[in-house]
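In my numbering, the protein residues as written are 3 to 422.
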């Protein structure tokens with residue numbers, strides 16, 4: 003007898019250990035920084051810190067939810083399995099679960115991360131954590147409702163069946179909307195998720211009785227659950243409509259692919275000598291197809307500055323820079339595999355020693371970003387010295403050289419030793 007299909011029928015995609023570490027480390031560092039910030043706070047200060055967390059979570063869900071849900075990489079398998087609307091809803095919940103769990107972990111740290119008097123005011127801390135569960139769940143469900151129903155609304159706006167009066171009014175005064183007509187529902191949903199989530203926090207803060215402060219979040223959760231429950235019966239229709247909309251939205255018109263990042267041009271590799279420029283360019287394109295390195299480096303820089311601003315110990319800064327150097331070089335490993343870098347083709351292009359030099363230039367592509375980040379910290383923060391800038395630059399260059407040697411040894415040099 004065939005087992006019934008569930009949302010777990012869709013297999014999990016394989017994720018390399020290096021990619022998992024890179025994905026989890028920023029969140030773990032932020033949670034550790036939050037623990038350092040709240041370890042000696044009183045209950046009233048913890049409540050204020052939780053309100054900031056809820057507002058930040060609402061803003062994060064407003065911007066990241068459509069990117070987590072659409073376009074769905076499992077759409078082909080879902081079309082073949084044809085799961086029920088309820089199971090599609092569970093499938094979306096699984097996609098949003100990691101961010102929700104990070105939020106709950108942050109709420110637990112704010113509530114119970116007390117190293118001074120962990121048993122004091124335990125009832126109030128438990129009440130604060132329960133409020134966090136309700137608030138973050140309500141925000142998540144509301145964001146899911148707003149964005150999963152976006153396909154039908156976007157089609158109506160794009161066809162002129164909705165928003166006609168708005169556009170006529172803007173045309174009469176010689177103004178235009180900041181986005182296209184089809185994108186207007188997404189623009190409004192982003193604003194609404196942020197605004198409603200933050201206003202629920204403001205409403206809770208306006209209630210003087212501590213025991214009743216959870217009431218706005220309970221009402222918000224009830225409203226979000228009610229709106230979602232009304233749409234579950236036709237969740238399959240909403241899923242396919244919204245996925246088709248974002249599939250078209252995230253398609254790069256220049257390349258015709260789902261990748262929004264433009265590949266690096268050959269002229270952008272001007273800093274590499276001509277002998278190795280073509281090799282570095284091909285490796286850069288292959289790496290950028292696999293990793294959004296610019297966004298990753300920006301996140302690493304922001305987290306480093308955040309750690310300094312929070313006043314964390316200098317050992318935390320050094321640990322984060324070690325992680326930065328390691329991850330920046332480890333993320334280049336997929337581009338050195340035989341599937342992306344065929345050793346026979348590479349051997350035909352250049353000797354293995356030249357590929358080692360080319361990979362060294364590839365590894366030092368983001369060294370300037372590291373130098374600027376640490377230099378900015380040394381310029382504006384007393385916790386970082388200019389000597390540290392030199393030390394970390396030399397450490398990054400040295401590890402890039404070692405990493406380039408290891409990658410070439412495992413690919414081109416191994417092929418030469420086996421067949422030459």
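Every residue gets a Cβ at the ideal spot worked out from N, C-alpha and C, and that includes glycine.
Since this is a predicted model, take the numbers as computed values, not measurements.
For residue 312 and residue 39, which I take to be in contact (beta-carbon distance under 8 angstroms), what is that distance rounded to the nearest angstrom?
6 angstroms
Out of curiosity, what's the CA-to-CA distance linking residue 393 and residue 366?
15 angstroms
For a cutoff of 9 angstroms on Cβ pairs, would you count residue 191 as touching chain D?
In the structure shown, chain D cannot be found, because there is only a single protein chain.
Tell whether a beta-carbon distance below 9 angstroms holds between residue 73 and residue 249.
Yes. Within cutoff.
Quick check: the Cα distance between residue 1 and residue 295, rounded to an integer number of angstroms?
This structure does not reach residue 1, given that the chain is present from 3 up to 422, and the question cannot be answered.
Is it the case that the Cβ atoms of residue 307 and residue 375 are separated by a distance below 9 angstroms?
yes
Complete alpha helix (DSSP H) runs within the region 200-262 (minimum length 4 residues, chain order)
217-233, 237-251
Below 7 angstroms CB to CB, which residues in the same chain sit around residue 357 once its five sequence neighbours on both sides are set aside?
281, 348, 410, 414
Expected contact under 8 angstroms - CB spacing of residue 203 and residue 57 to nearest Å:
5 angstroms
So what does DSSP say about residue 389, is it helix, strand or coil?
Correct three-state label for residue 389: helix.
Could you give the distance in angstroms between the alpha-carbon of residue 288 and the alpha-carbon of residue 342?
7 angstroms
Pick out whichever of 134, 325, 62, 224 has its Cα sitting closest to the Cα of residue 108.
134
Considering only the alpha carbon of each residue, which of 398, 94, 81 lies closest to residue 69?
94
Assuming residue 63 and residue 145 form a contact by the criterion Cβ under 8 angstroms, report the distance between their Cβ atoms to the nearest whole angstrom.
4 angstroms
Within the same chain, show all residues whose beta-carbon is closer than 8 angstroms to that of residue 150, passing over the 5 residues directly before and after it, in chain order.
71, 94, 233, 237, 240, 241, 244
Residue 300, enclosing alpha helix (DSSP H) - first and last residue:
Following the DSSP letters along the chain, one finds residue 300 inside the alpha helix (DSSP H) bounded by residues 295-311.
Beta-carbon proximity list for residue 216, same chain, < 6 angstroms, skipping 5 on both sides
133
Between the C-alpha atoms of residue 141 and residue 153, what's the straight-line distance to the nearest angstrom?
20 angstroms
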